[in-house]
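Asks: In the numbering used here, the protein residues as written are 21 to 703.
#1: Can you round the beta-carbon distance between residue 590 and residue 577 to whole angstroms, since I take them to be within the 8 Å contact cut?
#2: Judging by CA-CA distance, which residue of 179, 70, 100 is the nearest neighbour of residue 385?
#3: What does the alpha-carbon distance come out to for the pair residue 43 and residue 211?
#4: Alpha carbon to alpha carbon, how far is residue 383 from residue 233? Give it in angstroms, no decimals.
#5: If you check the beta carbons only, do residue 433 and residue 396 fall under 7 Å apart?
#6: Leaving aside the five residues before and after residue 339 along the sequence, list all residues of the same chain whose C-beta is less than 6 Å from its C-beta, in chain order.
#7: First and last residue of the beta strand (DSSP E) that includes residue 202?
#8: Less than 8 Å between C-beta atoms, sequence neighbours within five positions excluded: which residues of the same chain meet that for residue 52?
#9: Where residue 241 and residue 611 are concerned, what is the direct C-alpha to C-alpha distance, given to the nearest angstrom?
#10: Check the DSSP bridge columns for residue 357 and list the partner residues they point to.
#11: Which residue comes first and which comes last in the beta strand (DSSP E) that contains residue 144?
#12: Please report the straight-line C-alpha distance between residue 704 and residue 185, rounded to a whole angstrom.
#13: Quick check on the burial criterion: 16 or more other C-beta atoms within 10 angstroms. Buried or exposed for residue 275?
#14: Which residue comes first and which comes last in the alpha helix (DSSP H) that contains residue 695?
#15: Hey, would you say residue 315 sits closer than 7 Å to residue 300, going by beta carbons?
#16: Please name the residue, chosen from 110, 695, 243, 538, that lies closest to residue 459 on a Cα-to-Cα basis.
#17: Should the region 128-135 be called in touch with the region 190-198, which here means at least 3 C-beta pairs below 8 Å?
#18: Going by DSSP, what residue range makes up the beta strand (DSSP E) through residue 136?
#19: Rounded to the nearest angstrom, what separates residue 194 and residue 306 at their Cα positions?
#20: Leaving out the 5 sequence neighbours to the left and right, which residues in its chain are closer than 8 Å to residue 217 when beta-carbon positions are compared?
#21: Is it the case that the Cβ atoms of residue 469 and residue 443 are separated by a distance below 7 Å?
#22: Where does residue 42 fall in DSSP's three states?
#23: Quick one: Cα of residue 219 to Cα of residue 252, how far?
#24: Give a yes or no on whether the C-beta atoms belonging to residue 9 and residue 264 are separated by under 7 Å.
#25: Mind checking who residue 626 pairs with in its DSSP beta bridge?
#26: What residue does the beta strand (DSSP E) around residue 398 start on, and which one ends it?
#27: Buried or exposed: where does residue 511 fall if 16 or more other Cβ atoms within 10 Å of its Cβ makes it buried?
#28: For the candidate residues 237, 445, 691, whose alpha-carbon lies nearest to that of residue 283?
#29: Under a three-way DSSP split, which group does residue 113 fall into?
#30: Looking only at its own chain, which residues have a Cβ that is under 8 Å from the Cβ of residue 337, when we skip the five neighbours before and after it?
#31: Considering only residues of the same chain and omitting the five flanking positions on each side of residue 667, which have a CB-CB separation below 7 Å?
#32: List in chain order: all unbroken beta strand (DSSP E) runs of 3+ residues lying wholly within the region 74-110.
#33: When the Cα atoms are used, what is the spatial distance from residue 558 to residue 579?
#34: State the DSSP-derived secondary structure class of residue 27, mapped to helix, strand or coil.
#35: Might you give, ordered along the chain, the residues of its own chain that have their beta carbon closer than 8 Å to the beta carbon of residue 160, omitting 5 neighbours on each side?
#36: Just mark residue 561 as buried or exposed, buried being the case when its beta carbon has 16 or more other beta carbons within 10 Å.
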């Protein structure tokens, strides 16, 4: 029998264990992305990260990261990965995950960081950037439960500025695994929490730690490790239905950290750690064209993190190293790795555009977003089906050479057999009802075809041309380029007119008004009636809207103000009003008019670069019907909206008080329930 010295045997055993452990660790791929920065190491074991953006100086933003030990800490780093010792919170009992949100306490608004403290069954809350506690020593969670051990945390601020914390745990029931708390300020200046619901399924397989909320779209996602990613509504009143479970295939082991990169146009990416593969799997944020809850795999990337748990991402520019945003991921070597978003994106993913305003969390969400056109959306019009309003249509322009006039249903689906393709830069579109052609009433849609200097006229809903191939405009001008168009049907005699605006024109007589007549051959023709309307000469006049019932026409002199005239040419060319000269940030764009039966209503005008619509009174003041008072501004999820349309007619159960449609620069139109626009301020 061979004798082995005990020390030699022990060393051999330790060596074999170490070798085995090394062999079980996933290797970093040779082509793995390299971080721009790796943070200084923590004392014990990194887990989850959050990014605080310094709005006054983004290059001075901070990264928060947990060190999840019973003698752990919430570390604070600068963007070079250096630990900021006087901000780091030590002595926490196994801090697990962390998230950041804006919070209002009394008259103040500031950022808070909320971290789970697993060994005390509490969440801890700190004010940023000072990192002072606001929780009176911590807030108990999962009270009354046998299974507590809080791990995951994600914060949500809804459109009413209420802040909620979603908390996950090490283990829990198969239904009701996640608890949602509303965070509130108390009379002592601290923050307290009130449970509002328990929801969410759990496979029972491993645990649920990683969580993220999409504030803008109102969803919460969490990783059921080894199973997939589950999706629910973040708002309590929308119920506990599971909307999706995705990422169920293609993962080496655990589904871990989740973060969401937004491109600020309702799209973006959901990034999920494939922990044992040292990869991140990237899914579409917006879902598929047929199902907003079908999140398709877009890309898989190898990174240099080791078995990454938590992650965070932002599209904000954070200085020279991170001009397009930053992705932060935990690594199993007690560090966090900081990646430039453009390195993550490569040639496959979008990057949030520069110079565009970020939507706030108060932006109103559309009911639907249309399917995308090929080139560039510009202006919509709503055709109301008077026999069945729920079957009404949205008609919108795709304003490039080779573009078209698109037709959508009220859910934003393209109706392919009604689309008019191959138009040469169709710009704006409007609709008139009851036009008499060959003795019969029909509805018509009229669009400008800019590259051909003409109008096109189609019957609605058939979308058949009735113009003989096009009707020339501005024939007596050197500068043509028709852009804006609005239709006026005189209620006294039924005559229908097209009021057309060019790209450029004279300071007097900028707009041209044409009567749409029968040509005696089953088609229509134009008869010029007048030139009218002032122009500042600064930019252009594109947006035009007609109030048929009150008999006025409005147009946006883009960098100057909104002008108002009589639509009936027999009443003269006097400018009745110039308003909106102080309320806009830069370009004054799309105009639409919401009409109440009593003559009241609202004029909605796009403040283009601010992603807002300014709303003025339709009826003017009691003293002066042409004094259109500013009422309020609403922020929408449209991006740099150009054209818009609105109706007060109820369009089925989903739009009982009417619909607002706004163009967005992501090749779509956004469809809103009027009640969401109106809020508590408007009728």
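Positions of the beta carbon are idealized from the N, C-alpha and C atoms, including for glycine. All figures in this text were calculated on a predicted structure; none of them were measured in a lab.
Replies: So, from the data block:
#1: Residue 590 to residue 577, Cβ: 24 Å. No contact.
#2: If we check each option's Cα against that of residue 385, 179 comes out closest.
#3: Because residue 43 sits at a pLDDT of 45, beneath the cut-off of 50, its placement in the model cannot be relied upon, and the point is left open.
#4: A straight-line Cα-Cα distance of about 16 Å links residue 233 and residue 383.
#5: Cβ distance not < 7 Å, so residue 433 and residue 396 don't count as in contact.
#6: Taking C-beta separations shorter than 6 Å and ignoring five residues to either side along the sequence, the partners of residue 339 in its chain run 79, following chain order.
#7: Its beta strand (DSSP E) spans residues 195-205.
#8: Within the same chain, residue 52 has close Cβ partners 298, 322, 323, 324.
#9: When rounded, the distance between both Cα atoms is 38 Å.
#10: Beta-bridge pairing links residue 357 to 58, 349.
#11: Boundaries of the beta strand (DSSP E) harbouring residue 144: 142-148, taken from the DSSP string.
#12: This structure does not reach residue 704, given that the chain is present from 21 up to 703, and the question cannot be answered.
#13: The C-beta of residue 275 has 16 or more other C-beta atoms within 10 Å across all chains shown, which makes the residue buried.
#14: For residue 695, the enclosing alpha helix (DSSP H) starts and ends at 694-698.
#15: No; because the gap between Cβ atoms is not below 7 Å, this pair is not in contact.
#16: Nearest C-alpha to residue 459: 538.
#17: Under the Cβ criterion (8 Å, minimum of three pairs), the region 128-135 does not count as touching the region 190-198.
#18: 128-137 is the span of the beta strand (DSSP E), which, as asked, contains residue 136.
#19: The alpha-carbon atoms of residue 194 and residue 306 are separated by roughly 28 Å.
#20: Excluding sequence neighbours, residue 217 sits near 199, 200, 256, 260.
#21: Residue 469 is a Cβ neighbour of residue 443, given a cutoff of 7 Å.
#22: Any answer about residue 42 is weak, because its pLDDT of 44 lies below 50 and its placement is not dependable; what the coordinates show is given next. Under the three-state reduction of DSSP, residue 42 is assigned to helix.
#23: Roughly 9 Å between the two C-alpha positions.
#24: Any question about residue 9 goes unanswered here, given that the chain covers just 21 to 703.
#25: According to DSSP, residue 626 shares a beta bridge with 633.
#26: Start and end: 397-403.
#27: By the neighbour-count rule (16 or more Cβ atoms within 10 Å), residue 511 is not buried but exposed.
#28: With distances taken between Cα atoms, residue 283 lies closest to 237.
#29: Residue 113 carries a coil assignment under DSSP once its states are collapsed to helix, strand and coil.
#30: If the five residues before and after residue 337 are omitted, its C-beta is found closer than 8 Å to the C-beta atoms of 78, 343, 344, 345, 374, all from its own chain and listed in chain order.
#31: Once the five neighbours on either side are set aside, the close Cβ partners of residue 667 are 402, 404, 678, 679.
#32: The region 74-110 is shown to contain whole beta strand (DSSP E) runs of 3 or more residues at 82-87, 92-97, in chain order.
#33: Each residue's Cα considered, the two are about 6 Å apart.
#34: Legend: pLDDT at residue 27 = 38, less than 50; position of this residue unreliable, value from coordinates given subsequently. Three-state DSSP puts residue 27 in a helix.
#35: If you ignore the 5 residues before and after residue 160, its C-beta comes within less than 8 Å of the C-beta of 141, 142, all in its own chain and listed in chain order.
#36: It counts as buried.
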